[in-house]
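A quick write-up on the structure given underneath.
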Amino acid sequence: TEPLFATQNIEETVPQEPAPSLRTTEPENINIVPKENSTLEKLLDDLTEEKEKVITQRNPLTGLIYEAKFKEILSRLKEESQGKCRDHSIQILEASYYLEQIRKDIDNDKSKIQKMKETLKNALGSRRARKVLKCADRIYQLLQVCGLLSLYSTTAITLLNLEEISEEDFMTLLHQ
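Numbering of the sequence shown is given in this note's numbering, commencing with residue 701 and proceeding in unit increments.
Encoded structure:
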């Protein structure tokens, strides 16, 4: 009978590690940056770096009445992905920006604001609604300083970054 597994000569290339150096070196000056500050640095670099101009479409929510705008924004926010697709992430940030814009437009009507918050809470859940409102406020403030076109060329701004960055670091980001 034949063996169950035939033996064959298999050549395997094993990467060789470099020989340790006996030479002594000065320790490198290593700055350990907390995660939050590294997020701040990424955001600062991303927003201040020169990039190609991005041509964008006209705001699809222009001309709609408040209720229609809010309904469209809500449908976009319900589709939030896990952040794997950058285009979808930008659409979520854009919807968040326009959500805050609507909130600013109706700021003097407390009943509409309360209704908007309740609708968000019912549609997204209370935890996610709080997250969306916080991020909407932050993306709105940020894009008021940097310009709306920054949203379409950024690679570092995400809902998660906007939610997790401390208030102090966010203020630093706004004033840079």
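Idealized CB from N, CA, C, for every residue including glycine.
Grab me the residues of V714's own chain with a C-beta within less than 8 Å of its C-beta, minus the 5 sequence neighbours each way, in chain order.
Low local confidence applies: a pLDDT of 44 at V714 is under 50, so the model's placement there is unreliable, and no value is given.
Collapsed DSSP secondary structure at F870 in the structure displayed
helix
Out of I865, T739, S866, I857, which has the shortest C-alpha to C-alpha gap to L889?
Any question about residue 889 goes unanswered here, given that the chain covers just 701 to 876.
Nearest CA to the CA of E800: which residue from D809, T819, L833, S789?
L833
Secondary structure of E779, DSSP reduced to three states
coil
Would S796 and C846 be called neighbours here (beta carbons separated by less than 7 Å)?
no
Here's the rule I'm using: 16 or more other beta-carbon atoms within 10 Å means buried, otherwise exposed. How should E868 be labelled?
exposed
Just to confirm, is the Cβ distance from Y798 to I765 under 7 Å?
no
In this structure, does DSSP put A856 in helix, strand or coil?
coil
Within 10 Å of its beta-carbon, does A768 have 16 or more other beta-carbons around it, so buried, or fewer, so exposed?
exposed
Rounded to whole angstroms, what is the Cα-Cα separation between K810 and E749?
39 Å
Rounded C-beta distance between T855 and L747? I'm assuming under 8 Å.
About 10 Å; that fails the 8 Å criterion.
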